[in-house]
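Participant:
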Amino acid sequence: MSIVIRTERKEDYSQVWDVNFQAFGNREDEAKLVDRIRLSEYFIPNLSIVAEINNEIIGHILLSKAEVFDTDMVHEVIVLAPIAVKPGHQNQGIGKQLILEAFNRCKDMGYFIVMLIGHPTYYPKFEFKQARQFGLELTQFEVSDDVFMVCELKSNELSKIKGELKYPKAFLG
Ligand SMILES: CC(C)(COP(=O)(O)OP(=O)(O)OC[C@H]1O[C@@H](n2cnc3c(N)ncnc32)[C@H](O)[C@@H]1OP(=O)(O)O)[C@@H](O)C(=O)NCCC(=O)NCCS
Numbered sequence: 034m035s036i037v038i039r040t041e042r043k044e045d046y047s048q049v050w051d052v053n054f055q056a057f058g059n060r061e062d063e064a065k066l067v068d069r070i071r072l073s074e075y076f077i078p079n080l081s082i083v084a085e086i087n088n089e090i091i092g093h094i095l096l097s098k099a100e101v102f103d104t105d106m107v108h109e110v111i112v113l114a115p116i117a118v119k120p121g122h123q124n125q126g127i128g129k130q131l132i133l134e135a136f137n138r139c140k141d142m143g144y145f146i147v148m149l150i151g152h153p154t155y156y157p158k159f160e161f162k163q164a165r166q167f168g169l170e171l172t173q174f175e176v177s178d179d180v181f182m183v184c185e186l187k188s189n190e191l192s193k194i195k196g197e198l199k200y201p202k203a204f205l206g
């Protein structure tokens, strides 16, 4: 079975909804989040990526723009959310392929800081580190240090940025 990793197309939207719905335990929140991000100015079509097997979409990752506010400047960063792999296809490396493809695309576009709120045991496999130790903050959501993470896609990028991450409106429901 060969896996195709490619940019999401409009005709994929309903299958992508299903992937998110099923991966998150038949909950609509993440599928709706994807819909809201797609409609926002922070959406980057090239960073909505699907994994497909035999014309069936079984995985999806979405990264989009967000901002980190320092005292006198605003940094544009990328946030990763959500990522989903259909239950029958998990733990086969598909999530990893989606993340690595997304990272390559970010680098090609000149984005070198990726932030997220997520599983503290999954993302460190991809060099995500706790963000607050680098002077990054998040107050919109009450999250512990271990789930608020950042990854630099180019060495030394983290030394250039500090401040408070503000997720765009799409994330606020
Ligand atoms: C998280 C998710 C996207 C990972 O995709 P995947 O294709 O199953 O992951 P991969 O096969 O690439 O990676 C598997 C590794 O991740 C680990 N892993 C998978 N889900 C995990 C989770 N929820 N928490 C911690 N580790 C997890 C596996 O144990 C495995 O570890 P190993 O490489 O040391 O053996 C997928 O499991 C999923 O859709 N989960 C439900 C939705 C979700 O929780 N999304 C993330 C929200 S932060």
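Residue numbers for the sequence shown follow this note's numbering, beginning at 34 and rising by one. Cβ atoms here follow ideal geometry from the backbone N, Cα and C, with glycine treated the same way.
For Phe-145, I'd like the list of residues in its chain whose CB is within less than 8 Å of its CB, leaving aside the five on either flank, ordered along the chain.
Facilitator: Residue 145 sits at position 112 when you count from the first residue of the sequence shown. Excluding positions up to five away in sequence, the list reads Cys-139, Glu-185, Leu-186, Lys-187 and Glu-190.
Participant: If you reduce the DSSP assignment to three classes, tell me which class Ala-164 lands in.
Facilitator: As a position in the sequence shown, residue 164 is number 131, starting the count at 1. Correct three-state label for Ala-164: coil.
Participant: Quick check on the DSSP output: the alpha helix (DSSP H) that includes Ile-70 runs from which residue to which?
Facilitator: The residue labelled residue 70 in the question sits at position 37 within the sequence shown. That run of the alpha helix (DSSP H) goes 62 to 71.
Participant: What did DSSP end up calling Gly-128 once you bin it into helix, strand or coil?
Facilitator: The residue you call residue 128 lines up with position 95 of the sequence shown. Looking at Gly-128 - three-state DSSP - the assignment turns out to be helix.
Participant: Which stretch, first to last residue, makes up the beta strand (DSSP E) that contains Phe-181?
Facilitator: Here residue 181 is taken as the residue at index 148 of the sequence shown, counted from 1. Per DSSP, Phe-181 belongs to the beta strand (DSSP E) from 181 to 185.
Participant: From Val-52 to Ser-177, what distance separates their C-alpha atoms?
Facilitator: Taking the sequence shown and counting its residues from 1, the one referred to as residue 52 is at position 19. Taking the sequence shown and counting its residues from 1, the one referred to as residue 177 is at position 144. Whole-angstrom Cα-Cα distance: 27 Å.
Participant: For Val-107 and Glu-100, what's the separation of their Cα atoms in angstroms?
Facilitator: Within the sequence shown, residue 107 is the residue found at index 74, counting from 1. Within the sequence shown, residue 100 is the residue found at index 67, counting from 1. Going by the C-alpha atoms only, they are around 6 Å apart.
Participant: So for His-108, helix, strand or coil by DSSP?
Facilitator: The sequence position of residue 108 within the sequence shown is 75, counting from 1. His-108: strand per DSSP, three-state reduction.
Participant: State the CB to CB distance for the pair Ala-117 and Ala-56, rounded to an integer number of angstroms; the pair is presumed to be in contact (CB under 8 Å).
Facilitator: For the purposes of this step, residue 117 is taken as residue 84 along the sequence shown, with counting starting at 1. For the purposes of this step, residue 56 is taken as residue 23 along the sequence shown, with counting starting at 1. Ala-117 to Ala-56, Cβ: 4 Å. Contact.
Participant: Beta-carbon within less than 7 Å of Glu-160's beta-carbon, same chain only, minus the 5 sequence neighbours each way: which residues are those?
Facilitator: In the sequence shown, the residue the question calls residue 160 occupies position 127. Only Cys-184 meet the Cβ criterion.
Participant: Would you say the beta carbon of Asn-59 comes nearer than 7 Å to a heavy atom of ligand 1?
Facilitator: Residue numbering aside, residue 59 sits at position 26 when the sequence shown is read from its first letter. No - ligand 1 has no heavy atom lying nearer than 7 Å to the Cβ of Asn-59.
Participant: Could you tell me the alpha carbon to alpha carbon distance between Glu-62 and Arg-69, rounded to whole angstroms?
Facilitator: Along the sequence shown, read from residue 1 onward, the residue named residue 62 stands at position 29. Along the sequence shown, read from residue 1 onward, the residue named residue 69 stands at position 36. According to the sequence displayed, residue 62 carries Asp and not Glu. Distance between the alpha carbons of Asp-62 and Arg-69: 11 Å.
Participant: From Leu-149 to Leu-95, what distance separates their C-alpha atoms?
Facilitator: Reading the sequence shown from its first residue, position 116 is the one you call residue 149. Reading the sequence shown from its first residue, position 62 is the one you call residue 95. The straight-line gap from Cα to Cα measures roughly 11 Å.
Participant: Taking buried to mean at least 16 other C-beta atoms within 10 Å of its own C-beta, is Leu-205 buried or exposed?
Facilitator: For the purposes of this step, residue 205 is identified with residue 172 of the sequence shown, where counting begins at 1. With fewer than 16 Cβ atoms within 10 Å of its Cβ, Leu-205 is classed as exposed.
Participant: I'd like the span of the alpha helix (DSSP H) that includes Ala-203, first residue to last.
Facilitator: To locate residue 203, count along the sequence shown from 1; it is residue 170. It is not in any alpha helix (DSSP H) - Ala-203 carries neither H nor E in the DSSP assignment.
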